[in-house]
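Undergrad: Quick one: the structure is below, and I'll ask about it shortly.
Numbering (the numbering used here), first residue to last: 44 to 265.
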């Protein structure tokens, strides 16, 4: 990937795009917090502790981070999955995500999410977004973000090297995973920390092609 700055915009040239889902492509915060805050209440844990553990991580890692070694992870996972299936909080697409995904060739993008596959399908469908040609979900990895396993696997499924990809992420765990995979990263939203190219949403992005490469123009947000 190369980044070409100019006075009015920046351009990113890349082989493929790897997207996180929750907080990046879809706004599912209310849905996620409803389930996990009930989990916190069941165990007498401060909701703030759970909220801090949530972003970017797979459910089993969150459970262990919150409850420690006393956790019956399999039992808690079953409860989480049932609660997620029963959850009725709506989700919506992040601004500009639908049009941006529609502009990317199907074989050049994938989703890497800490959600299970069934939840990925449900949330993308509810948000009116296309299902990916390639995806890596919670059940596909042994180690969740910030481990780079998911991004490395997604790049392999697209038959490109991870260091030629660009990741879109909203969480610090996901950004760390992207960095360790060798991929470049565009931060979506306002997560503080890493010195990355950052946009509020996808409305400031325009996509074109140069031979087999994707070129993303980042139009300055006024």
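Glycine residues also receive a C-beta, built at the ideal position from the N, C-alpha and C atoms. Predicted, not measured: the structure shown is a model, and the values here were computed from it.
#1: Considering only residues of the same chain and omitting the five flanking positions on each side of residue 139, which have a CB-CB separation below 6 Å?
#2: Mind checking residue 49: buried by the 16 CB within 10 Å criterion, or exposed?
#3: Is it right to say residue 242 is buried, meaning 16 or more other beta carbons lie within 10 angstroms of its own, or is it exposed?
#4: Identify which residue in 168, 152, 91 and 61 has its Cα closest to the Cα of residue 71.
#5: Within the stretch 66-100, note down every full beta strand (DSSP E) run reaching 3 residues or more, in order along the chain.
#6: Are the beta-carbon atoms of residue 68 and residue 136 separated by less than 8 Å?
#7: Could you check where the alpha helix (DSSP H) with residue 27 kicks off and where it finishes?
#8: Measuring only the C-alpha atoms, how far is residue 62 from residue 125?
#9: Note the first and the last residue of the continuous alpha helix (DSSP H) segment covering residue 154.
#10: If we count Cβ pairs, one from each stretch, closer than 8 Å, do we get three or more for the stretch 180-188 versus the stretch 147-166?
#11: Tell whether a beta-carbon distance below 8 Å holds between residue 54 and residue 258.
#12: What first and last residue would you give for the alpha helix (DSSP H) that runs through residue 143?
#13: Shortest alpha-carbon distance to residue 193 belongs to which of 170, 218 and 161?
#14: Which first and last residues belong to the beta strand (DSSP E) in which residue 252 is found?
#15: Can you tell me whether residue 104 is buried or exposed, with buried defined as 16 or more other CB within 10 angstroms of its CB?
#16: Please state the DSSP three-state secondary structure of residue 203.
#17: Taking the Cβ atom as the reference point for each residue, do residue 57 and residue 207 lie within a distance shorter than 8 Å?
#18: Cutting at 6 Å between CB atoms, please list the residues of its own chain near residue 80, excluding the five before and the five after it.
#19: In the DSSP assignment, the beta strand (DSSP E) including residue 177 goes from what residue to what residue?
TA: According to the structure shown:
#1: Within the same chain, residue 139 has close Cβ partners 244, 245 and 246.
#2: Only weak support exists for where residue 49 lies, its pLDDT of 40 falling under 50; the value from the coordinates is given anyway. By the neighbour-count rule (16 or more Cβ atoms within 10 Å), residue 49 is not buried but exposed.
#3: So residue 242 ends up on the buried side.
#4: 168 is the residue among 168, 152, 91 and 61 whose C-alpha sits nearest the C-alpha of residue 71.
#5: The qualifying runs do not exist here; there are none.
#6: Residue 136 sits close to residue 68, with the two beta carbons spaced by under 8 Å.
#7: The requested residue 27 is not part of the displayed model; the chain covers only 44 to 265.
#8: CA-to-CA, the gap between residue 62 and residue 125 works out to about 26 Å.
#9: Note, residue 154: premise wrong, no alpha helix (DSSP H); beta strand (DSSP E) at 152-155.
#10: With a cut-off of 8 Å, the stretch 147-166 and the stretch 180-188 count as touching, because enough Cβ pairs lie within range.
#11: Yes.
#12: Residue 143: member of the alpha helix (DSSP H) spanning 140-145, first to last residue.
#13: Taking the Cα of residue 193 as reference, the smallest distance to any Cα among 170, 218 and 161 is reached at 218.
#14: The continuous beta strand (DSSP E) containing residue 252 extends over residues 248-253.
#15: With 16 or more other Cβ atoms from the protein chains shown falling within 10 Å of its own Cβ, residue 104 counts as buried.
#16: Coil at residue 203, not helix or strand.
#17: Yes, Cβ-Cβ distance for residue 57 and residue 207 is below 8 Å.
#18: 90, listed in sequence order.
#19: That run of the beta strand (DSSP E) goes 177-179.
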